[in-house]
Amino acid sequence: MVNPVNATVNCTQGQESVINNLHYKMSKKIAQLTKVIYMLNNKNEDTENMLEDLIEAHRRELDTISVNEKFTSVRYQEMIEEEIQYRSQISALNTKIKEFVSDLHLQKEEYEKRLLTVTETKREMQKDLESKIEKLESSMEHILTAKSADSLVILELRKQWTEHKCPSVEPILREKCLLENLLSEKAHYIEQLENDFSDVKRELSAAYEEQLNRLHSELLVKKNTLETSEKTVTILGERLVSAKDALNLAEKLHAENVSLAVSDAICKIEVSFTNQWEEKFKEQKISHELELEEVYSSFEKGRRESETSMRELLGKLEKQQEALIGIKMEYESRINQADFDLRQLRATNSKLEERLTNERTKHLENLRQSNSQLQYIHTTEIQTVVRNLSQLRKHTSKRIQAVHTRLIPSFIQELTKSLTTLLREKLEKELSQRAEGAQSSGKRLEAELARYRKLIQTTKQEQEQSIENSRRKMNEMENDWNRQKEDYITKLQASELAREKFMLDATAQQTQTEATSTKLIEFAQEIDRLEKKNEQLAKRVKMGKSLQFTDLTAELDKKWAETVGRECARVKDEVTSKLQANFQIAMSNLEDCHAVRVAEIQNEFKQQLQLLESKNSHLNDKISKLVIELKDLKERCANLLESQLMIAKDKVDAEVKLREEMLTQQNEDFNAAQNMLKAKIHELHQRLMEFQQARVEFRKLPSPTLRSNLLLPRLEDKCPLKPFAKFATANQKEFVCPQNFAVTNSVSGR
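In the numbering used here, the protein residues as written are 623 to 1372.
This is the structure:
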């Protein structure tokens, strides 16, 4: 029989054991649940912290994006302002170009008008010269006809005299010879005047033609400069169009770069969100680091290549700048030489003007003197002719009367009277005709002299006008040259500004690349930080896990790991594809931009080189023309210098002769004085020898009284020679007589 107490005890014990087991199991379950709850709470806290960190990171990124957008907006505003300024400058340049073109057209019209006036003046001068030549020819024909008529009259008179055979013909023949000599002298003088007139005419025509040729050449040069300026205007317009296109391209590229940067930022934010839920990041880190290293290496290669290309471009730019500086120096040296040559030309022109004025004054004085001499000669000749005629009349009348009284009968007297009356009438007519011819010739000469004076005055005025025009043209050429210099300097400054802009753009690209590299570094730092957080979470999970996890936690872990792995793989593929696409797009854009910039720079430099070559050729043409003019002037100056050198040589020869004569006279005087000094020195030496002999004799004397008696007269005789003796002793080394050389040496030794 079972004891009920024992049974109850056993029941209670079994129940207690069951309860204890249940309590133990429940406590275990509770502990496990508490652990799970603790783990879930920790995970919730971690997720909340991560979310807070992400929110803060988003806020920071939004702040940075807002700041960047502000900077970009400010930059765009600055770019807009710069573009407005550029457009205003372009409009101002266009207005200036239009004004310059209008000025050029006005200058063309003025030069054409000047050409027309010059051609008209040339035609008028030619007409005047032809009319003057015709008048001179007509006057010469008239003079020749008068001469032929006079010769015919003289022949008739000879025939009459030979027929009648009148006595006392010798004085008339003498007078006739004198008159013929006077006529020959007058004809010779007229020929000289004609030759002088022809020479003056040739000189004036040659000078006028030279002036016209110079004006024509200067007008051609101005036309060439106008054509070159028009070409430069067209080239500047093309450059402005190309600059506008370049600005538009730069704006488009900048907008594309900004959009790419925004898309990159969005992609990176998405990557940061997806990477928060990665737990198997360690396995993927290695591959990601390798990819990043490859990306960095490729990016660094691209950067190095771009840097090398930029350095090469900078080196080329520096070389071209050095070449431009050298060209500038050459042009400045040429300009200085041209300025110096122009100054020399002005000096030579002023000297030539002074000489021309002096020659003109001398020529006018000579003409006045010749006119006064001619008038005096005409008056004296007329007076002498009248006197000779009166004397001939008296002499012939006396002789004829004597002959009539002695020999000739009455009828012969009547014949002689009639002949004498006829001869008198003819001679009076001839004399009156000759006097009228002399007066007419004097009037003609006076008229010709007045014409010469008018011609000289007109030529003087024309030369002064031509000189003033040449001076104005020289000033205009200098102003044009200064304007071209200023334009060239402005163009160089514009090219330097373009180069500085290009350098600024390159630096901006470098800063952008550096900013992208810094952003990549920041992303890498964030990834490291997230890795550290994941490690901390893993440590916490390891510390919180117990040895006896339930199947639920294992299954949850497996499912969580599978889902995380799938999402990580998907995110990895998406991120890698996006990074590769963005990197390829960025590299292609950079390469395209780089190629476009290089092509633009090459085109700009080619255009600049072409412009410089054209300007260089134009300047070389100008310089060649100036060199030719300088050669002509140098030849003229050389001729003048040769004449001056001949005169100077004659003066120098005369001076040399005078100097030689003076030197010969001085040498002769010096030799005479030297001979006189030598003679006096010889006398002094003789006296010294005598004095030494007397001294020896004086010492030989026995008593002092005898010495005093002998010493006094000799001292009195030798006293006046003391000052000259001092002079001889002072000049003893220079003047020594060859006969007493030994004696002088002995004396000097003592």
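Cβ atoms here follow ideal geometry from the backbone N, Cα and C, with glycine treated the same way.
Cβ-Cβ separation, residue j to residue i (assumed contact under 8 Å), whole Å
i     : j     : result
R1066 : S761  : 6 Å
T850  : H1240 : 6 Å
Beta-carbon proximity check, residue i vs residue j, cutoff 8 Å
i     : j     : result
I857  : L1233 : yes
T1211 : E934  : Note that residue 1211 corresponds to Asn in the displayed sequence, not to Thr. No.
V1218 : L728  : no
CA-to-CA distance, residue j to residue i, given in whole angstroms
i     : j     : result
H764  : A771  : 10 Å
N803  : I1250 : 53 Å
V640  : D1195 : 57 Å
I755  : T1080 : 17 Å
V658  : T669  : 16 Å
E1222 : E944  : 21 Å
L676  : V689  : 19 Å
E1108 : K1247 : 23 Å
A1116 : E860  : 15 Å
V696  : M661  : 51 Å
R1151 : I706  : 48 Å
R1105 : T743  : 32 Å
L644  : K665  : 30 Å
K749  : N835  : 19 Å
M1284 : M1298 : 21 Å
T741  : E721  : 30 Å
L1126 : A714  : 25 Å
L842  : M747  : 23 Å
L655  : Y646  : 14 Å
E1312 : E1290 : 33 Å
P789  : T767  : Confidence at P789 is low in this model, with a pLDDT of 46, below 50, so its placement is unreliable and the value that follows should be read with caution. Cα to Cα, the separation comes out at about 32 Å.
S1199 : Q1206 : 11 Å
L801  : D1272 : 46 Å
E1319 : Q1308 : 17 Å
N663  : E683  : 29 Å
F1236 : K853  : One detail in the question is off: residue 1236 reads as Ser in this sequence, not Phe. Roughly 10 Å separates the two Cα atoms.
E674  : L1119 : 50 Å
A679  : D685  : 10 Å
E704  : E1184 : 58 Å
T983  : K1076 : 14 Å
A1069 : Q1087 : 26 Å
E691  : Y698  : 10 Å
E1084 : R745  : 14 Å
E1047 : S1062 : 22 Å
K1229 : N1101 : Checking the sequence shown, residue 1229 turns out to be Gln, not Lys. Distance between the alpha carbons of Q1229 and N1101 is about 26 Å.
Proximity test, Cβ basis, 8 Å: residue i and chain B
i    : result
R745 : The structure shown contains no chain B, having only a single protein chain.
Whole beta strand (DSSP E) runs in the region 655 to 703 with 3 or more residues, listed along the chain?
none
Write down every uninterrupted run of the beta strand (DSSP E) in the region 707 to 771 whose length is 3 residues or greater and which is fully enclosed by it, in chain order.
none
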